[in-house]
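Colleague: With my numbering applied, the sequence shown corresponds to residues -11 to 614, in that order.
This structure is in structure tokens; I'll ask about it shortly.
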Amino acid sequence: MSKNGRMKSHGKMRKILIGVLTVLVIAVATIAVLLSRSCQWMLKTWTGLTMEELVYHLNTSLEGTNSDMIWDFIQSCVIITGIVCILLVFACVFLRKRKKVYGSFLSVIMVLSILMATVSVSNVWTTLDVSAYANNQSEYSTFIDDNYVNLKDVTLTFPQQKRNLIYIFLESMENTYSDTASGGAFDTNVIPELTELSLENENFSGDHQTLNGGYAMPGATWTVGAMFAQSTGLPLNIPIEQNSMNTQDSFFPEIVSIGDILESAGYNQTLLIGSEAEFGGRKLFYEEHGNFNIIDYNYAAENGMIPEGYKVWWGYEDKRLFEFAKDALTELAEQDEPFNLTMLTVDTHFEDGYRCEDCPDLYGDNVYADVMACSSQKVYEFVQWIQEQPFYENTTIVISGDHLTMDSDFCEDVPDDYTRKVYTTYINAAAQNEREEYRTYTTFDNFPTTLASLGVTIEGNRLGLGTNLFSGVETLSELYGYETESQEISKKSALMEEFTAGITEQQELQIEEEMVDSGESEEQLQAQITADITADAYNYKTGKFTVYISNIQTNREIQSIRCAVWPDGDQSKLIWYETNPAGDGSYQCSVFASDFGYERGIYDIHVYAMDTDGNAYLINGINQSI
-11 MSKNGRMKSH GKMRKILIGV LTVLVIAVAT IAVLLSRSCQ WMLKTWTGLT
39 MEELVYHLNT SLEGTNSDMI WDFIQSCVII TGIVCILLVF ACVFLRKRKK
89 VYGSFLSVIM VLSILMATVS VSNVWTTLDV SAYANNQSEY STFIDDNYVN
139 LKDVTLTFPQ QKRNLIYIFL ESMENTYSDT ASGGAFDTNV IPELTELSLE
189 NENFSGDHQT LNGGYAMPGA TWTVGAMFAQ STGLPLNIPI EQNSMNTQDS
239 FFPEIVSIGD ILESAGYNQT LLIGSEAEFG GRKLFYEEHG NFNIIDYNYA
289 AENGMIPEGY KVWWGYEDKR LFEFAKDALT ELAEQDEPFN LTMLTVDTHF
339 EDGYRCEDCP DLYGDNVYAD VMACSSQKVY EFVQWIQEQP FYENTTIVIS
389 GDHLTMDSDF CEDVPDDYTR KVYTTYINAA AQNEREEYRT YTTFDNFPTT
439 LASLGVTIEG NRLGLGTNLF SGVETLSELY GYETESQEIS KKSALMEEFT
489 AGITEQQELQ IEEEMVDSGE SEEQLQAQIT ADITADAYNY KTGKFTVYIS
539 NIQTNREIQS IRCAVWPDGD QSKLIWYETN PAGDGSYQCS VFASDFGYER
589 GIYDIHVYAM DTDGNAYLIN GINQSI
């Protein structure tokens, strides 16, 4: 090859290398900007975010996510990243011919990009204390083992005349929404009625002038976990996804809940919720622990309590919930047994809540504030109605938030030194407070405290990890400090592993065995329900594909439909997805590649229907590629 040929060849190679380097630098810079903006957006959106909550969000599908949040992410992160990428391309085109400057430019951009990504990741790592979280997941602690009080070791004594219980779980309700003078963190009190109820009754603040409530501990920071914690005094630390207890055959059969205790005492118990009780295993828990009558969205739809095809938000709104509660209480009060009505509101669920026709327009663009104000008013009116009823004299009302809100911006201006706690109050309790001082407690303490509010004498005044707050006994938070308790509960526990030994990712084989046990072959069962099952193509931009179930033909009354999904024939990786009704008799669900570590290949999808008797039926199966 001639000298000129070699020079041309070297020149070509140099151009190729520069081109590859340019693409690499632009790609790294784009990723770094997106990562940096995403980290900033995440910490701003979820103020006070913990690693436990982040894991929860990452394992929760985008279905039901407010579109405003998605658009905010696009605006704050994706669009800005796109603009930076375009500017970099233009800069490269402009500087390409200035060889000396161009090389330095690419080097500077690469260094800055790596530095930006490193700082962003480091900030998130420090803020969320990822190291501590990782250590807690592998480190054992004897805290739960040493402090757990089993009912088998305790004597409970009920009063001669047993009191009724009305337990109201308020979705995402915390003291924070009140004004600073009352112990909240807002300039304007968004929940004045709830504030009044708490201050006039018992919240264990000592002075009855300040709001007080429980810390939501690890294992109790989402609805199912919160309901479990307040009913058993234990965290819902499970080896599966947090809302997957509905895939199990039982729900902690070895533990004793307040439902079990009241059932043994002859109580007639009802769970009233405006969403589907099966979600997260709530129906399983309350039926197994206390034999509760379940009145949920599905029950309301099947029994004509709501118009045919009616569904808003998560099912039906709280306005209807409180009307149904009045009917239920009237019926329960006419029976001979004492009763327990447990309720869960839903309108205040993040993001921004559900604004019903009764919600006031007080806070302009802050819809969530209006929804909270509406909830406060409705709860207050409901309590007033109860107090006017003949059964109130012998009835205790417990009102508790389930957990802190996960709304993106409602609490973004709350000072860092403010301690956020769930809303708590005990109304018409049959117990005297022995310590008129500000108590430090968790939602675990609601378990024995609720029993005490019914006039039940508790030997030692402790149950589960909870302490009777009406007694003079110190809570675990007062003994060890809230931070220590939280840290220790986050770690592994031999006792919790014993309680959760039977909890595993549900295998399809188990369901097939249940079908055989019913006395019918899989083919017979399959023939009883038919449907068209399709799936759209995997979308690389959204990281998901959607399964559609339509034209369902059956003589059975269908309660729910689920999809079992697993990659490459490996059922050990099987994940269950709940479907959502589309309103026209069809169902759909989204399958996220992130749930399977973005594993490429063929995915098996089997669709099952559950009838109202609890029988599962395989409809059919299809395949889809990722």
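Note that CB positions come from ideal geometry on N, CA and C, so glycine has one too.
Since the model is a prediction, treat every value here as computed from it, not as a measurement.
(1) Apart from the five residues just before and just after Thr211, which ones in its own chain have a Cβ nearer than 6 Å to its Cβ?
(2) Taking its Cβ as the centre, do 16 or more other Cβ atoms sit within 10 Å of Gly507, making it buried, or is it exposed?
(3) Report the three-state DSSP secondary structure of Cys399 (helix, strand or coil).
(4) Okay, do the region 179 to 197 and the region 391 to 403 touch, 3+ Cβ pairs below 8 Å being the bar?
(5) Tell me the start and end of each unbroken beta strand (DSSP E) in the region 283 to 343 that is at least 3 residues and wholly inside, in chain order.
(6) Which first and last residues belong to the alpha helix (DSSP H) in which Ser628 is found?
(7) If you check the beta carbons only, do Gln218 and Thr431 fall under 7 Å apart?
(8) In whole angstroms, give me the CA-to-CA distance for Phe487 and Asn138.
(9) Just curious, the alpha helix (DSSP H) that Cys362 is in, first and last residue?
(10) Does the Cβ-Cβ distance between Asn416 and Thr438 come in under 7 Å?
(11) Can you grab the Cα-Cα spacing for the pair Leu332 / Asn421, in whole Å?
(12) Below 8 Å on the Cβ atoms is my contact criterion, and I expect Tyr285 with Glu264 to pass it. Report the Cβ-Cβ distance as a whole number of Å.
(13) If you follow the beta strand (DSSP E) that Asn539 is part of, which residue opens it and which one closes it?
(14) Run through the DSSP bridge pairs and tell me what Pro348 is partnered with.
(15) Entirely within the region 380 to 454 and at least 3 residues each: give me those beta strand (DSSP E) ranges in chain order.
(16) Count the other CB atoms, across all protein chains shown, that sit within 10 Å of the CB of Ala570; report buried if there are 16 or more and exposed otherwise.
(17) Below 8 Å on the Cβ atoms is my guess for Leu260 versus Leu309; work out the distance and round it to an integer in Å.
(18) Using DSSP's beta-bridge definition, name the partner residues of Tyr136.
(19) Near Ala214, what residues of its chain come up, given a Cβ to Cβ distance below 6 Å and the 5 sequence neighbours on each side ignored?
(20) From the DSSP output, which residues share a beta bridge with Pro555?
(21) If we ignore side chains and look at the alpha-carbon of each, how far apart do Asn281 and Leu272 end up?
(22) What whole-angstrom Cβ distance do Tyr304 and Ala288 have, given they're in contact under 8 Å?
(23) By a C-beta neighbour count over all protein chains shown, 10 Å radius and 16 as the cutoff for buried, is Ser95 buried or exposed?
(24) Hey, how far is the Cα of Pro147 from the Cα of Gly443?
(25) State the CB to CB distance for the pair Gly254 and Pro326, rounded to an integer number of angstroms; the pair is presumed to be in contact (CB under 8 Å).
(26) Would you identify the three-state DSSP class for Phe146, choosing helix, strand or coil?
(27) Could you give the C-beta distance for Arg343 and Val359, rounded to a whole number, given that I count them as a contact under 8 Å?
(28) Drop a sphere of 10 angstroms on the beta-carbon of Phe82, count the other beta-carbons inside from all chains shown, and report buried for 16 or more, exposed for fewer.
(29) Taking only the alpha-carbon atoms, compute the straight-line gap between Gly585 and Ile614 and give it to the nearest angstrom.
(30) Between which residues of its own chain and Ser110 is the CB-CB distance below 6 Å, once the five residues before and five after are set aside?
(31) Using the three-state DSSP reduction, which class does Trp210 fall into: helix, strand or coil?
(32) Starting from Leu222, trace the alpha helix (DSSP H) both ways and give me its first and last residue.
(33) Is the beta carbon of Tyr591 less than 7 Å from the beta carbon of Ala597?
(34) Expressed to the nearest angstrom, what Euclidean distance is found between the alpha-carbon atoms of Ser459 and Gln149?
(35) Below 8 Å on the Cβ atoms is my contact criterion, and I expect Gln323 with Asn256 to pass it. Report the Cβ-Cβ distance as a whole number of Å.
(36) Which residue marks the beginning of the alpha helix (DSSP H) containing Ile246, and which one marks its end?
Modeller: This is what the structure gives:
(1) Counting from 1 along the sequence shown, the entry for residue 211 is found at position 223. Only Asp390 meet the Cβ criterion.
(2) On the sequence shown, position 519 is the one that residue 507 refers to. Residue placement at Gly507 is flagged as unreliable, the pLDDT there being 40, under the threshold of 50; the coordinate-derived value follows with that caveat. Burial call: exposed.
(3) Reading the sequence shown from its first residue, position 411 is the one you call residue 399. In the structure shown, Cys399 adopts coil according to DSSP, grouped into three states.
(4) Contact fails: fewer than three Cβ-Cβ distances are below 8 Å.
(5) Qualifying beta strand (DSSP E) stretches, in chain order: 327 to 332.
(6) In the structure displayed, the chain extends from -11 to 614; residue 628 sits before or after that span and is not available.
(7) By 1-based counting over the sequence shown, the position of residue 218 is 230. By 1-based counting over the sequence shown, the position of residue 431 is 443. Gln218 places its beta carbon less than 7 Å from that of Thr431.
(8) Sequence index remark: in the sequence shown, residue 487 carries index 499 (1-based). Sequence index remark: in the sequence shown, residue 138 carries index 150 (1-based). The straight-line gap from Cα to Cα measures roughly 12 Å.
(9) In the sequence shown, the residue the question calls residue 362 occupies position 374. The continuous alpha helix (DSSP H) containing Cys362 extends over residues 355 to 375.
(10) As a position in the sequence shown, residue 416 is number 428, starting the count at 1. As a position in the sequence shown, residue 438 is number 450, starting the count at 1. Cβ atoms of Asn416 and Thr438: not closer than 7 Å.
(11) The residue you call residue 332 lines up with position 344 of the sequence shown. The residue you call residue 421 lines up with position 433 of the sequence shown. Using only the alpha carbons, I get a separation of about 27 Å.
(12) Residue 285 sits at position 297 when you count from the first residue of the sequence shown. Residue 264 sits at position 276 when you count from the first residue of the sequence shown. Right, their Cβ atoms sit about 5 Å apart.
(13) The residue given as residue 539 occupies position 551 in the sequence shown. Per DSSP, Asn539 belongs to the beta strand (DSSP E) from 532 to 542.
(14) Locating residue 348 in the sequence shown gives position 360, where the first residue counts as 1. Looking at the DSSP assignment, Pro348 forms no beta bridge with any residue, so it has no partner.
(15) Residue ranges of uninterrupted beta strand (DSSP E) with 3 or more members, entirely inside the region 380 to 454 and ordered along the chain, are 383 to 389, 412 to 415.
(16) Within the sequence shown, residue 570 is the residue found at index 582, counting from 1. So Ala570 ends up on the exposed side.
(17) On the sequence shown, position 272 is the one that residue 260 refers to. On the sequence shown, position 321 is the one that residue 309 refers to. Yes, Leu260 and Leu309 are in contact; Cβ-Cβ is about 7 Å, under 8 Å.
(18) Taking the first residue of the sequence shown as 1, we reach residue 136 at position 148. Answer by DSSP bridge pairing: none, since Tyr136 is not bridged.
(19) Translated into the one-based positions of the sequence shown, residue 214 becomes position 226. Shown here for Ala214: same chain residues with a beta carbon closer than 6 Å to its own, the five before and five after excluded, namely Ala208, Asp390, His391 in chain order.
(20) Reading the sequence shown from its first residue, position 567 is the one you call residue 555. In the DSSP output, where bridge partners are listed per residue, Pro555 has Tyr591.
(21) Here residue 281 refers to the residue found at position 293 of the sequence shown. Here residue 272 refers to the residue found at position 284 of the sequence shown. A direct Cα-to-Cα measurement between Asn281 and Leu272 gives close to 11 Å.
(22) By one-based count along the sequence shown, residue 304 stands at place 316. By one-based count along the sequence shown, residue 288 stands at place 300. Confirmed, Cβ separation roughly 6 Å.
(23) Counting from one through the sequence shown, the residue named residue 95 turns up at place 107. Label assigned to Ser95: exposed.
(24) Translated into positions along the sequence shown, residue 147 becomes position 159. Translated into positions along the sequence shown, residue 443 becomes position 455. Going from the Cα of Pro147 to the Cα of Gly443 covers about 6 Å.
(25) Position 266 of the sequence shown, counting from 1, holds the residue named residue 254. Position 338 of the sequence shown, counting from 1, holds the residue named residue 326. Between Pro326 and Gly254 the Cβ distance is about 7 Å, and since that is below 8 Å, they are a contact.
(26) What you label residue 146 is simply residue 158 of the sequence shown in a count that begins at 1. DSSP places Phe146 in coil when its eight states are reduced to three.
(27) Here the question's residue 343 lines up with position 355 in the sequence shown. Here the question's residue 359 lines up with position 371 in the sequence shown. Going by Cβ atoms, the distance from Arg343 to Val359 rounds to 6 Å, so yes, they are a contact pair.
(28) In the sequence shown, residue 82 corresponds to position 94, counting from 1. Exposed, because fewer than 16 other Cβ atoms sit within 10 Å of the Cβ of Phe82.
(29) As a first step, residue 585 is located in the sequence shown; it is residue number 597 there, counting from the start. As a first step, residue 614 is located in the sequence shown; it is residue number 626 there, counting from the start. Using only the alpha carbons, I get a separation of about 11 Å.
(30) Reading the sequence shown from its first residue, position 122 is the one you call residue 110. Its chain contains no residue whose beta carbon lies nearer than 6 Å to that of Ser110 once the 5 sequence neighbours on both sides are disregarded.
(31) Counted from its first residue, the sequence shown places residue 210 at position 222. In this structure, Trp210 counts as coil in the three-state DSSP scheme.
(32) Numbered from 1 along the sequence shown, position 234 holds the residue referred to as residue 222. In this chain, Leu222 is not harboured by any alpha helix (DSSP H), its DSSP state being neither H nor E.
(33) Mapped onto the sequence shown, residue 591 falls at position 603. Mapped onto the sequence shown, residue 597 falls at position 609. Taking 7 Å as the cut-off, the Cβ atoms of Tyr591 and Ala597 do not count as close.
(34) In the sequence shown, counting from the first residue as 1, residue 459 sits at position 471. In the sequence shown, counting from the first residue as 1, residue 149 sits at position 161. Linking Ser459 to Gln149 through their CA atoms gives a straight-line distance of about 21 Å.
(35) Numbered from 1 along the sequence shown, position 335 holds the residue referred to as residue 323. Numbered from 1 along the sequence shown, position 268 holds the residue referred to as residue 256. Right, their Cβ atoms sit about 6 Å apart.
(36) As a position in the sequence shown, residue 246 is number 258, starting the count at 1. Here the alpha helix (DSSP H) through Ile246 covers 246 to 252.
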